[in-house]
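Here the protein sequences come in this chain order: A and B.
At position 526 of the first sequence the residue is numbered 506 (my numbering), and the sequence of numbers has no breaks.
At position 24 of the second sequence the residue is numbered 39 (my numbering), and the sequence of numbers has no breaks.
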Amino acid sequence: MKNRPENKIDELFSEAFKGYSPAPPGAVWDRIKSTVADDSKNKPKSFWIKYRMFFTIAACLIIVSGVSSAYLLSGGSDLSSGKSISLNTTEKSQSDRTVDNTNEISGTTNNSMTNEIADETNYTQKTTNQNNNSIINKTAGTVKTGNNASENSASEKSQALSNAEKTTVKNPDLSSKNDVAEKSDKLSSESKSANKDLIYNNSSEKSVKTDLQNAEAKLTNPNEKLTTPVDNKTTHTATADSNTEKSVNTETAVNNNEQVLVAANGVESKVTSNNDDAKLNDHSNDDVSHNYNDYAKNYETDNKPVILKAETMKDSITGPSIDLPVPTKASYTPSKFAIGVHYTAENLFHLTDAKYLPDQTYNMTGNSYEVSLNFRITPKLTLSTGIGYTEYRENVYYEVVHDKQVIVDSVYTGSEWAYVYETQTMTYEEQLKNSYSYVRMPLSIRYKLLEAERFSLHASIGGIFSQIMNKMEREPVIPDGINLVSVTRKTPEQNTYTIMFATGLSAHYKLSDFLTLAGDVLYKTNMSTYYKDNGTEMKVPYSIGFRVGLYANF
Amino acid sequence: MIDDKKLIKKCLKKDTGALEELYKQFSPKLYGICLRYTKNKMEAEDLLHDGFIRILDNLETYRGDGSFEGWLCRIMVTTAINYYRKKGTRYEDVEINNIGQEDVIENDITSMMSHNEMLDVIQQLPEGYRVVFNMYAIEGYSHKEISEMLNISENTSKTQLLKARRTLQKKIFTDKQIKYEKSA
C-alpha cells in the first residue's frame, strides 16, 4: 500500500469510506439474535454429553468386568483351589511333609480335613518303628497342634494345652532334641495361623486329653504299668504299650510314653476319619497284641480311599485323585482372561410395509471391528464384553415431487401450431446409499459346549448396545430445469441408540497357549425398531453375521 | 463503553447484553464494509448477519495481537470474499494493453459527491470489479494477496482493478454531467 502508485479514484474512494459507518437496520440484530439462540440450542453437544449413554453403559460393563476379574483373581473358583492342592502335594519334600500336611488340614474343607488328619497320622504310625526320634517329633507336633487349635476354640481347652506343654518339658529326651523343638514350634505357629475347624478341634481335643492323661500317668510313675483304660481307645493304646515294653526304666518310660501318644493319636485319627463309632469298637475289640504298624496296615486295607490320599501325600505322586476337585482334563492350561480382536461381516434384514418402502424386505450390509475382553468365570462359562465400531450401508429412498409443463392440446393458427401447456405435478423415487457409523458395546456369556484337544465349541448369548456416531447421508441431486416442489425421505431416520439381542455359536481353535483362533456365527435381533417412529410400520430388523477373531490368552 | 477484552469475555459466555453491545459498537463499521461489497442493501444485510455470526463463532480465536476493530473488519471482508467465491463470481482476464488510459478526474467533481452517491457507483460495478476494487483501493491488499485470496492470477486482479477504475470514472463523469445539466 505504501509503495503503490497513487491513483485519484483509489484515493477518492479510500478517503470517502474511511470513516463510513452507516447504522444497520434493526432487523439485522433481530435475525442475529434468533440465529444465536438457535445455535445454542442446536450446538453440537460436547463429546461426553453426546455419548453419555454410551459411557454410562461402558462404565457399567467395566464395573461388571472388574468385579468378575476380582472374583477370579481372588481364587474364588473351584478350579483354583483344586489346583493349589495338587501343586502342594507334588511340591512337598519328604522331610517337610508332616508340617505341610498339618497346614493343609487347616486350609481344606471339613471332610478332606478329617481325612488328611487320619492319613497323616497313619503315615506317622508307619514311620514309628523305623525312627523313634521321628515318632517323637511327629507326636509332639501333633499333640501341640491339636492343643493350639483347641485353645482357640474354647477356654476349657487351655488345660489340655498346659498338659501338653508340661509333657514336653518334663520329657528330657524331647527338650534335649533341637529338631523336636524346632518342628514343634513350626507346627505350633502354622497351626495358629491356620483356619481352625470345630470338627477337627473337637475330635483332636478328645484325643489330646486322653493321650495326655495316659502320658502323665506314665511319666509320674514310670515303673508302673498303665492298666486303667480311659475308654476303648485308650485300652487299645495301653495294651499296645504294655506289649511293647516289659521292663521300664526312666528312659524307656519316656519312649513308651511317646509311643502311647502316637498310638492314641492313631486311634483317634481313625475315629475322626471314619466318624464311625461302630468301626472304632470293632478295632478296639481286635487282638490286643497288634502293634501299631499292624493296626495301620489293617486300617489301610479297610479304608482304601483314604489310603490313596495318604499315598498321594506320602510318595509325591499326582496319581488318580478321587476326592480332589480336579478340573476336567484339558489339553492346555485354561486362561482366566483373554483379549480378542474381531471382524464381523453381517447382513441386516428389514421387513417393511410396502406402502412406505418399495421392497417388502431390504438389506443393509455392515462391517464391524471389535476388541473384546473375556473373563473366564468357571471352566465352561466366560463373560465377554468389549467395544466395537460398525459401519452400515443402507439404501435410502427419497420421493422427489416437481412440476412439469405438459402439452395437453395444440391449435393450428393458420400459419403455425400453437400448443396448450398444463402444469402437472410429477413424482419419482430416488435411491441413495447412505453410511452410518456406530459404536457398539457387547455383553455376553459364552458357554463351552464341547472340547476336544485344541478345538472347542461355544454357545453365546447376550446383548449389544449401539449408538450412532456419524451419519453420511446424501440428498438427491435435482436435475436443472425441474421446478422442484418437494423432496421427502421415505426411509425413516435411524434411532440414536439401539439395543440388540445376540446369540451365536463359536468355534475356537487353540493355536498355542497364548493364541486362539475363533469363528462365530451370530444372530442378532433388535429389541425395537431401528428407526425413529415416523408412522412407518417397520418390523424389528434382524441380522446374520459371521465373525472371525483372534484371542490373546492371559 | 466497555473495554474490548471485557466485552469479548462476556460475549464468550454468551451474555446477550454483551453481544448486543458488541453489535451496537461495531455493526455500523461492518455494515459499511458490507454495503461496499454488495450490490444492494438487502445483500449487505445478509452479509452483515453472516459475518457477525462468523465473528461470534471465532471470537475465542482473537488473541488480542492487533486492534479488535481491525480483526472484525478482516473477518467481514473474508466473509464477503467467501460469499462471492461460493456464488461463483467470474473474473474476466483481459490483456492490460487493451484497456485504455484512465480519464483524469478533477478533484472538484469528486468532492461534490456524497457517500451515498459514491456507494451507489460502487454497487453498480460488476461483482468481480467491485470485489477487487474494494480489496485493493480501500482495504489496501496487494495484487498478490488478492490473487491468493480470490484464487485468481495477479494479472486478473490488475485487469479487474483497471476496468473497475474505468467504469467508476465513466459513472462519475456521467452522473456529474447529468447533475450539471439538470442544475443548469
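Note that beta-carbon positions come from the ideal geometry of N, C-alpha and C, so glycine has one too.
Between the segment 401 to 411 of chain A and the segment 379 to 389 of chain A, the count of C-beta pairs closer than 8 Å reaches three or more; the two stretches touch. The segment 500 to 509 of chain A makes contact with the segment 468 to 481 of chain A: 3 or more CB pairs, one atom from each, lie closer than 8 Å. A straight line joining the alpha-carbon of A/G366 with that of A/V467 spans about 40 Å. A/R469 has its alpha-carbon roughly 32 Å from the corresponding atom of B/G66. B/R100 and B/L165 have their C-alpha atoms spaced approximately 7 Å apart.
Within the same chain, and ignoring the five residues on either side of B/A59 in sequence, the residues whose Cβ sits closer than 6 Å to its Cβ are C49, L50, T53. By DSSP's assignment, A/F481 forms a beta bridge with A/G443, A/T505. Residues of chain A with a Cβ closer than 8 Å to the Cβ of B/R89 do not exist, since the nearest Cβ in that chain sits about 15 Å away.
When C-beta atoms of the segment 445 to 459 of chain A are compared with those of the segment 413 to 432 of chain A, three or more pairs fall below 8 Å, so the two segments count as touching. Proximity of chain B to A/D(-10) at the Cβ level (cut-off 7 Å) is accounted for by A152, in chain order.
Taking each of A/K451, A/V457, A/S424 in turn and checking the Cα distance to A/G443, the smallest one comes out for A/S424. Straight-line measurement puts the Cα of A/A38 at about 36 Å from the Cα of B/D30.
Counting along the chain, no beta strand (DSSP E) covers A/F(-3), and no H or E run does either. Closest in C-alpha terms to A/Y408, from the list A/A439, A/F355, A/V465, comes A/V465.
Measuring C-alpha to C-alpha distances from A/G499 to each of A/T476, A/S523, A/L530 identifies A/L530 as the nearest. Distances from the alpha-carbon of A/F(-7) to those of B/N131, B/S172, B/D18, B/C26 put B/N131 closest. Contact between A/A487 and A/L429 fails: their C-beta atoms lie close to 10 Å from each other, not under 8 Å.
Shortest Cα-Cα distance from A/T362 to any of A/V457, A/Y477, A/G320 involves A/G320.
Secondary structure note for A/G529: it is in no alpha helix (DSSP H), and the uninterrupted beta strand (DSSP E) holding it is 522 to 533.
Its Cα nearest to that of B/K178, the residue B/R145 stands out among B/P43, B/L22, B/R145, B/S162.
Against A/I12, the close residues of chain B are Y38, H64, F67, I68, in the order they occur along the chain (beta-carbon pairs closer than 7 Å). One finds G47, H130 in chain B with Cβ atoms closer than 7 Å to the Cβ of A/Y0, taken in chain order.
Within chain B, the residues E60, L63, H64 have their CB atoms less than 7 Å from the CB of A/V8, given in chain order. Within chain A, the C-beta atoms nearer than 7 Å to that of B/S42 come from P4, in chain order.
Taken through DSSP and simplified to helix, strand or coil, A/V47 comes out as helix.
If you check each beta-carbon in the segment 146 to 174 of chain B against every beta-carbon of chain A, the ones closer than 7 Å belong to A152, I153, G155. What A/V16 touches in chain B, judged by beta-carbon distance under 7 Å, is L34, L71, going in chain order. DSSP places A/T468 in the uninterrupted beta strand (DSSP E) bounded by 463 to 469.
Using beta-carbon distances, A/N506 does not count as an interface residue toward chain B, since no partner is under 8 Å.
In the DSSP assignment, B/R51 falls within the alpha helix (DSSP H) that extends over 31 to 52. Distances from the CA of B/K173 to each of B/Q184, B/E160, B/K185 were compared; the closest alpha carbon is that of B/E160. Taking a 10 Å sphere around the C-beta of A/F355, we find 16 or more other C-beta atoms and assign the residue as buried. Rounded to whole angstroms, the gap between the alpha carbons of B/Q175 and B/L63 is 25 Å. The alpha-carbon of B/T182 is positioned some 11 Å away from that of B/Q138. When DSSP states are grouped into helix, strand and coil, B/Y99 belongs to the helix group. Using a Cβ-Cβ cut-off of 8 Å, B/L27 does not count as an interface residue toward chain A, since no Cβ of chain A sits closer than that to its own.
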